[in-house]
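Take a look at the structure set out below.
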Amino acid sequence: MTSQDMAFHYVSVTDEGDGKHQGNYDNDGATVLGAIAIGPNASASVLNSVALGANSMTGSFSQVSDATIGNTTYGGFAGSARGVVSVGGPGAERQITHVAPGAITSASTDAINGSQLYSAVNGLEALIASVRAELTTLGNQ
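Going letter by letter, the sequence shown gives residues 2 to 142 in the numbering used here.
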């Protein structure tokens, strides 16, 4: 099958109930191969990317192989970016809710939800409290 044999389909959302056509009505929101734009004025202009919701726009993405927090650099991250998913735009950020827990392994590329982060922080706080108590005990000897 060649690319000429393949059908291309686009998803658009029309008006806000007033009968006027909003941006992306004519399927002009997805402008590159593999892109999807869903919502009025949504724009997906990055290869293999998705813009979800009104006024959402895809931007460039980068490969992240390490991250520095304070003076410590962490690496060994799994996966590599092949596109971007946007749920908003500059000044129009959205909160993603109802995310199921993601796998936490060295090879995981799943999203992590708030409960997982909360649990990890609580575990660290308990460990820090235990170390402090032990140091206090040792200091009192």
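Think of the CB as a built atom: it goes at the ideal place given N, C-alpha and C, for glycine as much as any other residue.
Assuming residue i is part of the beta strand (DSSP E), what are its boundary residues?
| i | result |
| --- | --- |
| A68 | D67 to I70 |
| V100 | From DSSP, V100 is part of no beta strand (DSSP E); its letter is neither H nor E. |
| L53 | V51 to L53 |
| T32 | Per DSSP, T32 belongs to no beta strand (DSSP E) and is neither H nor E. |
| T74 | T73 to G76 |
Using 8 angstroms as the threshold, is the C-beta distance between residue i and residue j below it?
| i | j | result |
| --- | --- | --- |
| R95 | G54 | yes |
| A104 | D111 | yes |
| S61 | V88 | no |
| S116 | P102 | yes |
| G30 | A52 | yes |
Of all the options the options, which has the alpha carbon lying nearest to the alpha carbon of residue i?
| i | options | result |
| --- | --- | --- |
| S107 | G71, A45, F78 and G90 | F78 |
| A45 | T73, V65, S66 and V85 | V85 |
| Q64 | R133, A127 and G76 | G76 |
| I113 | E135, G124, A134 and T98 | T98 |
| A93 | T32, N42 and V33 | N42 |
Would you kindly report the start and end of the unbroken alpha helix (DSSP H) that includes residue i?
| i | result |
| --- | --- |
| I129 | G115 to G140 |
Taking the beta carbon of residue i as the centre, do at least 16 other beta carbons fall within 10 Å, making it buried, or is it exposed?
| i | result |
| --- | --- |
| T59 | buried |
| A68 | exposed |
| A8 | Because A8 sits at a pLDDT of 49, beneath the cut-off of 50, its placement in the model cannot be relied upon, and the point is left open. |
| A38 | buried |
| G71 | exposed |
Any heavy atom of the ligand PLP closer than 7 angstroms to the beta-carbon of residue i?
| i | result |
| --- | --- |
| A112 | Although the ligand PLP was asked about, the structure shown includes no ligands whatsoever. |
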